[in-house]
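Peer 1: The opening residue of the sequence shown carries number 4 in the working numbering; numbering runs sequentially from there.
Cβ coordinates follow ideal geometry from the N, Cα and C atoms, glycine included.
Remember, it's a predicted structure, so these values are computed and weren't measured experimentally.
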Amino acid sequence: MDTSIDRPNPYTPGAGDRPRALVGRDPQLALADTVRRQLEAGYAANCLVFVGLRGVGKTVLLKEIRDRFLAQGWLAVYLQIRPTVSVQRAFADVATGSAEQLTAGSRLRRTLKKLAEQGGSLQIMGQGVSLGAGAAPDSYTDLRDVLRTLCAAAKQDGKGVALIIDELQSLKSKLLSELMHLVFELRDDLPLAFIGGGLTYLPSRISKATTSTERLRYEPTDFLAPPDAREAVEAPAREQGVHWDRPALDRVVSIASGYPYFLQLYAYEAWEAARRRGPFVRITAKDVAAGVPEVERQLNTGLYGARYDKLGTLQREYVVTMARLMASDARRPRQRVRSADVAQALGKSLQDCSPVREGLIHSGLIHSPSHGDLEFSVPGFREYVARRDGDG
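1) In the DSSP assignment, find the beta strand (DSSP E) that holds E217 and state where it starts and stops.
2) I want to know whether the segment 309 to 323 touches the segment 34 to 44 - three or more CB-CB distances under 8 Å.
3) State the CB to CB distance for the pair A155 and A48, rounded to an integer number of angstroms; the pair is presumed to be in contact (CB under 8 Å).
4) Please report the distance separating the alpha-carbon of T287 from that of D248.
5) Compute the distance between the beta-carbons of T406 and L56, then report whether it is under 8 Å.
6) Measuring CB atoms only, is the segment 264 to 284 touching the segment 293 to 304, in the sense that at least three cross pairs come out at less than 8 Å?
7) Going by DSSP, what residue range makes up the beta strand (DSSP E) through F53?
8) Check this for me: beta carbons of A240 and P13, under 8 Å apart or not?
9) Does DSSP put T186 in a helix, a strand or coil?
10) Sort out for me which residues DSSP pairs A165 with in a bridge.
11) Taking the C-alpha atoms as reference points, what is the distance between T224 and P22?
12) For Q243, I'd like the list of residues in its chain whose CB is within less than 7 Å of its CB, leaving aside the five on either flank, ordered along the chain.
13) With a 10 Å radius around its C-beta and 16 neighbouring C-beta atoms as the bar for buried, classify D312 as buried or exposed.
14) Looking at C-alpha atoms only, which residue of S352, V164 and V388 is the closest neighbour of A98?
15) Measuring CA to CA, which of L227, R190, E234 and P229 is closest to L219?
16) Alpha carbon to alpha carbon, what distance is there between L32 and D145?
17) If you follow the beta strand (DSSP E) that E378 is in, where does it begin and where does it stop?
18) Hey, how far is the Cα of G19 from the Cα of Y271?
19) On the three-state DSSP scale, how would you describe R254?
20) In terms of residues, what are the limits of the alpha helix (DSSP H) holding R28?
21) What are the partner residues of V340, as DSSP defines its beta bridges?
22) Give a yes or no on whether the C-beta atoms belonging to R208 and Q172 are separated by under 8 Å.
23) Classify T324: buried if its beta carbon has 16 or more other beta carbons within 10 angstroms, exposed otherwise.
24) Counting C-beta neighbours from all protein chains within 10 Å, is the total for G393 16 or more, i.e. buried, or is it exposed?
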């Protein structure tokens, strides 16, 4: 009996969910591996910061790096910045839960478990250091002392501590400055790897928070090139003995425009369409077409709709104006506009528009690929705005 309709769907369009085939990120992973080897050998290594738009897979990349460090015996702590949770509290929670993943008998594991179990303080170089459910570091000074203790123990094992922080742009300026100062202080003589991720304006925020930007290496996390996009779609199906017809694959790669989230979403719905027609070993162009309405429904009510509905009056006016300017030539719509043109169309000065523009950039809805230029950060959002505004 053919059980192909019972095969699990191998595509993962959820935010932060690891795809079955993590492709197009080998250069970034190689950089992280180099940082680890440098620090293990006692050499200095730059801090890595991966920047990119939402939906390109920064979170997946950072979690993969975490897993690679863990596999090499490091304490690797992945944190995602959230308004309601401090870095100190999050670090304590994740670090104390990581002890069992460390090499049995290692000095780092013994030190971490001792810090967590004491719940009081551990005297290290005359300073009281504690880590546990009831004793999270209260300040960045406390976090620095905990990290110094753990890094010193890891150094004796020939390993280190990796502090991996996602959504760095969400940290308030003062806290971002304190965090960078902490990291730069410790990395001078201890095996502390700092790897961050954030939106495209993060380098500007960090440069305002610290003067030591030469210690940071910024790496882009971009849309996937066509060969990588094809592999991201084909590989998961191939694992299950399912083949993508060339026209079907070409269509998904074209619609998605290399945007990783779209690749997973369109492939997921094409798979479901193939399942609905019965046992299958191939995905056709008809399956892709049959899945498009569901993709569009999800985007209109989810990714597009949720972002559009959150906009304030001035923000909505700004993005509608952007969309109209981009479509001013219906035969050749543009993907990019000048901020000066938007301001002029609104009858305002650039300075007057600045707070609205910066708010939209910080939300991740638009970005500035070059000075004075603006683009929507998600493919297809211009068309969505035009439909909502009645111009499309």
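Peer 2: Once the coordinates are examined:
1) Looking at the DSSP string, E217 is not in any beta strand (DSSP E), and its letter there is neither H nor E.
2) No: fewer than three Cβ pairs fall under 8 Å.
3) The pair is not a contact, with the Cβ atoms about 17 Å apart (cut-off 8 Å).
4) 5 Å
5) Past the edges of the chain, shown from 4 to 395, lies residue 406, and the structure says nothing about it.
6) yes
7) C50 to V54
8) yes
9) The question names Thr, but residue 186 is Val in the sequence shown. The answer is helix: DSSP assigns V186 an H, G or I state.
10) A79 and A196
11) Across the structure, T224 and P22 are spaced so that their CA atoms are roughly 16 Å apart.
12) R10 and P13
13) exposed
14) Checking every option, the nearest Cα to that of A98 belongs to V164.
15) R190
16) 31 Å
17) D376 to F379
18) Each residue's Cα considered, the two are about 16 Å apart.
19) helix
20) Per DSSP, R28 belongs to no alpha helix (DSSP H) and is neither H nor E.
21) L377
22) yes
23) buried
24) exposed
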